[in-house]
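Residue numbers (my numbering): -17 to 124. Everything on this sheet refers to the single structure shown next.
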Amino acid sequence: MEIRRLTAVDYDEIVKFWSTAGLPHKPRGRDSKQAIASDMKANPDSFLGALEQGRLVGTVVMSCDLRKGWINRLAVHPAFRNRGIARALIDESERILRKRGVKIFCVLIEGSNVASKNLFRKCGYEEHHEISYFSKRDSDDV
């Protein structure tokens, strides 16, 4: 398995992969080709892909607010799950974020996603039940 930085050239493959992996995306908003290319230009090491024989089998997108690093859009192709790919992407994400000076790593996981919760627990993450997540969106596409 190879983990490499994804670029705007990979956009079509990324979007197709997200659909295959069951990861929702918003192609008319935050996940449009233009929006993703802009994010990749601003943060070139924030989009990673795991490849097996040249085939995209995992993705992760990182963000950082200078205090906390966020691991987002972690997904592995269904046929390649339980092979350590997600863990490798988490480890590489943490390494990259540490280089930026980040010492707190965070992830938001939907309540029903037991597999992801278990994975992050195995990676040393602590679940916080006392936190409520709030968001405000300008549109359904962001």
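Just so you know, even glycine gets a beta-carbon here, dropped at the ideal spot from N, CA and C.
Simplified DSSP state of residue i, which is helix, strand or coil
i, result
"K8", "coil"
"F(-1)", "helix"
"F116", "coil"
"K99", "helix"
"E108", "coil"
"I86", "strand"
Rounded Cβ spacing between residue i and residue j (contact assumed at less than 8 Å)
i, j, result
"G31", "R(-14)", "6 Å"
"G51", "F87", "5 Å"
"L33", "E(-16)", "5 Å"
Test item: CB-CB of residue i and residue j under 7 Å
i, j, result
"M22", "A57", "no"
"S75", "V96", "no"
"C46", "R12", "no"
"V89", "I53", "yes"
From the options, residue whose alpha carbon lies closest to that of residue i
i, options, result
"L5", "A19, S98, I72, D(-8)", "S98"
"Y107", "D73, F(-1), I78, I18", "D73"
"M44", "L(-12), F116, D(-8)", "L(-12)"
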